[in-house]
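Everything on this sheet refers to the single structure shown next.
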Amino acid sequence: MKELRTSIRSLVEYVYRSGSLDRRFKTTTALTEGTRAHQMVQSEYSEHDQKEVHLAYTHIAESIHIHIEGRCDGLLQEEDKITIDEIKSTSSSIYDIEEDSHPVHWAQAKCYAYIYVNQQELDEIDVQLTYVHLPSSERKQFVKSFSSVELREWFHTMIEQYIPYAKLMTEHRHSRQESIQQLSFPYPTFRTGQRKFAGAVYKTITDHKTLFAHAPTGTGKTISTLFPTIKAIGEGKAEQFFYLTAKTITRQAAEEALSLMEEKGLHFHTVTVTAKDKMCFTNEGCQVDYCPFADGYYDRINEALLDLLSNETMIARDVIEHYARKHQVCPFEFSIDAAYHADAIICDYNYVFDPRVSFKRLWNETKKKTTLLVDEAHNLVDRSQSMYSALITKSSFLQLKREYKSKNPHLYEAVHRIDQSLLALKKSMDEDQYMTTMAEIPDGIVESIEHFIDLAELEIPYIEDSESLLIETYFMALSFVRISKLYDKSYVTYIRRYKSEVELKLFCVDPSSLLHKTTKGYGATVFFSATFAPFDYYKDMLGWTEGDYTFSIPSPFDRNNVDMYIQPTSTRFHDRVQSTDSIVGTVLELIREKPGNYLVFFPSYVYMEQVFEKIQELDHPASVLLQTPQMTEQDREQYLAEFREERKDSLIGFAVLGGIFSEGVDLRGDRLNGVLVVSVGLPRLNDEQDIMKRYFDERGKNGFDYAYMYPGMNKVLQAAGRLIRTETDSGTIVLIDDRFIQQRYKSLLPYHLQHFRIKRD
85 MKELRTSIRS LVEYVYRSGS LDRRFKTTTA LTEGTRAHQM VQSEYSEHDQ
135 KEVHLAYTHI AESIHIHIEG RCDGLLQEED KITIDEIKST SSSIYDIEED
185 SHPVHWAQAK CYAYIYVNQQ ELDEIDVQLT YVHLPSSERK QFVKSFSSVE
235 LREWFHTMIE QYIPYAKLMT EHRHSRQESI QQLSFPYPTF RTGQRKFAGA
285 VYKTITDHKT LFAHAPTGTG KTISTLFPTI KAIGEGKAEQ FFYLTAKTIT
335 RQAAEEALSL MEEKGLHFHT VTVTAKDKMC FTNEGCQVDY CPFADGYYDR
385 INEALLDLLS NETMIARDVI EHYARKHQVC PFEFSIDAAY HADAIICDYN
435 YVFDPRVSFK RLWNETKKKT TLLVDEAHNL VDRSQSMYSA LITKSSFLQL
485 KREYKSKNPH LYEAVHRIDQ SLLALKKSMD EDQYMTTMAE IPDGIVESIE
535 HFIDLAELEI PYIEDSESLL IETYFMALSF VRISKLYDKS YVTYIRRYKS
585 EVELKLFCVD PSSLLHKTTK GYGATVFFSA TFAPFDYYKD MLGWTEGDYT
635 FSIPSPFDRN NVDMYIQPTS TRFHDRVQST DSIVGTVLEL IREKPGNYLV
685 FFPSYVYMEQ VFEKIQELDH PASVLLQTPQ MTEQDREQYL AEFREERKDS
735 LIGFAVLGGI FSEGVDLRGD RLNGVLVVSV GLPRLNDEQD IMKRYFDERG
785 KNGFDYAYMY PGMNKVLQAA GRLIRTETDS GTIVLIDDRF IQQRYKSLLP
835 YHLQHFRIKR D
């Protein structure tokens with residue numbers, strides 16, 4: 085007999101889909117689970133009451149055992165009366181919640197009641213919903229009584245709606261496990277070090293640990309992580325995995341590897357989540373009045389999911405869009421819903437790490453069976469700093485004051501209070517100061533913003549324009565409050581003023597503790613990158629703790645395949661105009677001596693354009709491409725398509741360090757014959773980099789290295805890595821900057837790039 089395990093929450097959320105995306109917006113922003121609210125209510129239970137009671141039940145239907153379990157918030161006992169208590173927290177006005185506002189909450193509580201009545205053979209039971217308003221702690225309760233007969237009839241009606249999905253998933257799971265057991269490594273042989281890397285990933289999953297793996301280009305890191313993870317799922321060591329990336333091109337590599345294994349017999353549901361702005365069919369926002377794909381979404385989503393999961397396994401953007409049009413559902417929300425039912429989810433980092441957009445319906449039990457594969461994890465350092473930071477601006481609240489002065493006096497007063505608080509912060513600064521920092525959040529500002537959020541949520545349902553200033557400021561405020569709850573010693577607050585503007589930012593300087601807090605909730609995590617240099621820096625910034633595993637593979641390439649040069653020309657900011665002739669001369673000399681296709685990387689658009697203009701003035705035999713800030717996906721594809729193996733002329737592609745062409749781009753063989761990197765890639769001097777420098781200096785680390793040198797050199801190594809993608813690739817690398825011959829920079833070059841020759845101007 086086939087079996088399926090599900091949580092009570094998952095069961096009722098699948099069945100009790102109703103309303104529209106508009107309603108979902110209000111529910112997910114207003115009704116959030118809060119541990120503090122639960123503990124507050126549970127602390128007042130009597131000595132006879134129980135909290136966090138585990139309840140489980142097995143329903144047998146159509147040859148399927150459906151194991152249903154969950155934890156009941158409260159089991160209250162008063163004389164002969166038993167009450168199931170379900171606690172929910174809300175940041176919106178508690179007075180807006182009516183008895184039947186949220187049927188899914190009643191359904192969840194009634195499931196607990198049905199299981200308990202069955203176990204204890206009771207005739208009736210009370211069910212109570214307790215809503216707690218945060219931060220005021222106000223409460224609102226609703227109580228209903230149910231007989232055992234009523235609960236039984238209700239439960240059987242509900243579970244009947246779940247059975248088609250249960251049948252589909254049990255059959256899929258059976259096919260999945262059978263296919264994994266028969267799956268062999270999809271290539272004829274393992275590359276050097278690849279088998280050990282795969283073994284390290286498998287052991288990490290088996291031991292429920294975190295692995296930091298340095299795997300240079302050419303070691304086959306994508307398949308080395310995916311294959312052992314899938315094998316671990318086949319042996320019951322895990323149930324699903326996330327493949328997390330920063331760039332679209334690395335997502336494609338994962339899709340290709342999974343497609344290859346599917347060709348070898350793997351049966352696996354893989355969903356790729358694409359950004360909302362790229363998938364929207366109407367570009368009208370999630371407003372029911374304007375979008376037919378949002379209106380009635382929940383009336384159609386279950387049928388759409390069953391159709392999709394019954395007929396597809398590799399569920400990328402084009403597949404999602406096809407079924408979304410077929411069933412008239414929002415493609416982005418459809419992809420998110422599909423992801424909750426998938427074996428593998430390929431998506432951006434933020435769907436796991438960003439507290440504002442991460443998957444909210446992954447219960448702790450599910451997370452413990454989920455593996456995180458974090459590709460090109462060096463990118464997660466600055467990405468996570470951004471994810472865990474938040475900003476508010478005075479100008480936004482000043483404009484809202486003007487807009488709502490006569491329209492909504494209560495909202496006006498809330499906005500006015502925030503505007504005045506920011507004005508007071510500005511006045512507290514010395515006249516010659518444009519920025520000041522502190523180690524805490526200014527008193528009262530979070531409470532004022534929370535009050536604004538409460539009032540804004542009452543106003544937003546009446547706004548037709550999804551891009552209105554109020555909605556934009558509401559999300560900015562909501563983000564600020566969420567991040568304020570994470571604020572600790574790894575943060576710095578700064579106030580910056582310019583002209584009439586005032587910015588207040590909660591800046592996460594060191595994201596390591598927050599990253600660790602996130603990953604420890606999952607079964608296992610694998611951070612891997614081709615450029616973890618220096619390794620200790622990335623371990624430190626990504627949350628390494630005692631007991632975590634590390635693994636490193638040497639580069640498989642013969643370094644004799646690369647002509648490696650360092651040209652000691654100063655590219656410091658004040659020398660850049662004078663350096664352009666030297667750089668142009670080096671580029672043109674190279675294409676005369678070795679005609680072919682070349683990429684030249686610069687630290688900024690301005691610097692790149694200066695050299696581009698200079699080279700365009702000269703007579704030379706090459707075609708020249710220029711990266712621009714506004715390039716569309718089609719523009720990028722056309723740019724890369726010019727790198728052909730059999731061109732009649734040489735090609736010079738100008739690009740920006742750290743940009744779209746410096747990472748994840750595969751130009752194999754003679755599609756690319758050389759790479760030139762101009763500068764050591766240091767981030768531009770700015771306030772936040774200087775805050776980072778001081779922060780790490782104060783903690784006994786080298787602040788300049790953490791804020792400037794390590795991030796800069798990572799960009800250099802990523803760009804240089806575009807040249808050699810396979811074991812047979814060869815070509816020329818030129819690093820142009822006199823700092824490359826300094827020991828502190830030279831020591832960061834990997835072994836296969838340390839055989840350089842000095843190229844003088």
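In terms of our numbering, the sequence shown is numbered consecutively and its last residue is 845. For each residue, glycine too, the CB sits at the ideal point set by N, CA and C.
Residue i - DSSP class collapsed to helix/strand/coil
i, result
"HIS353", "coil"
"LYS110", "For LYS110, the predicted model reports a pLDDT of 37, less than 50, meaning its position is unreliable; a value from the coordinates is still stated below. Looking at LYS110 - three-state DSSP - the assignment turns out to be helix."
"TYR129", "coil"
"LEU841", "Looking at the sequence itself, residue 841 is Arg, so the reference to Leu does not match. Strand."
"HIS292", "coil"
"SER185", "coil"
"PRO576", "According to the sequence shown, residue 576 is Val rather than Pro. VAL576 falls in the strand class under three-state DSSP."
"HIS149", "strand"
"GLY627", "coil"
"TYR829", "helix"
"CYS195", "helix"
"LYS321", "coil"
"ALA706", "coil"
"MET513", "coil"
"ALA498", "helix"
"HIS600", "helix"
"ASN492", "coil"
"THR810", "coil"
"SER688", "coil"
"GLU339", "helix"
"GLU697", "helix"
"ASN202", "helix"
"ALA428", "strand"
"GLU585", "strand"
"ILE525", "coil"
"ASN757", "coil"
Nearest-angstrom beta carbon gap, residue j and residue i [assumed within contact, 8 Å]
i, j, result
"LYS135", "ASP157", "7 Å"
"VAL188", "VAL96", "6 Å"
"LYS224", "ILE178", "5 Å"
"LEU760", "TYR682", "7 Å"
"LYS331", "GLY748", "5 Å"
"HIS217", "THR174", "6 Å"
"VAL436", "PHE326", "6 Å"
"HIS462", "ASN798", "5 Å"
"VAL684", "PHE738", "5 Å"
"SER91", "GLU449", "6 Å"
"ASP665", "LYS698", "7 Å"
"ILE820", "VAL762", "5 Å"
Which residues DSSP lists as bridging residue i, in chain order
i, result
"GLY158", "LYS135, ASP169"
"GLU387", "Answer is none; GLU387 lacks a bridge partner."
"MET519", "ARG580"
"ALA608", "THR455"
"HIS217", "THR174"
Check whether residue i and residue j have beta carbons under 8 Å apart
i, j, result
"ASP503", "PHE481", "yes"
"ALA614", "PRO300", "yes"
"ALA706", "LEU735", "yes"
"TYR835", "PRO618", "no"
"TYR215", "ILE181", "yes"
"VAL125", "LEU159", "no"
Margin query: Tell me whether the segment 287–303 and the segment 622–630 touch, counting them as touching only if at least three CB pairs, one residue from each stretch, are closer than 8 Å.
Written below: yes
Margin query: For the pair the segment 404–420 and the segment 331–339, tell me if three or more CB-CB distances fall below 8 Å.
Written below: no
Margin query: Does the segment 442–456 come into contact with the segment 576–587, if we say contact requires no fewer than three beta-carbon pairs (one atom in each stretch) closer than 8 Å?
Written below: no
Notebook entry, point to check: Does the segment 562–573 touch the segment 523–542, meaning 3 or more C-beta pairs lie closer than 8 Å?
Noted result: yes
Next item on the list: Check whether the segment 244–262 touches the segment 351–364, counting contact only when three or more Cβ pairs, one atom from each stretch, lie closer than 8 Å.
Entry: yes
Margin query: With a threshold of 8 Å, are at least 3 pairs of Cβ atoms found where one atom belongs to the segment 582–601 and the other to the segment 470–490?
Written below: yes
Notebook entry, point to check: Can you find at least 3 beta carbon pairs, one from the segment 478–493 and one from the segment 543–557, that sit closer than 8 Å?
Noted result: yes
Notebook entry, point to check: Do three or more CB pairs link the segment 271–284 to the segment 246–254 at distances below 8 Å?
Noted result: no
Next item on the list: Mind the definition here: the segment 654–662 touches the segment 670–679 only if three or more C-beta pairs lie below 8 Å; say whether that holds.
Entry: no
Next item on the list: Check whether the segment 415–433 touches the segment 378–389, taking contact to mean three or more Cβ pairs, one atom from each stretch, closer than 8 Å.
Entry: yes
Note to self: Closer than 8 Å is the cut-off here; do at least three beta carbon pairs connect the segment 691–711 with the segment 780–789?
What the structure shows: no
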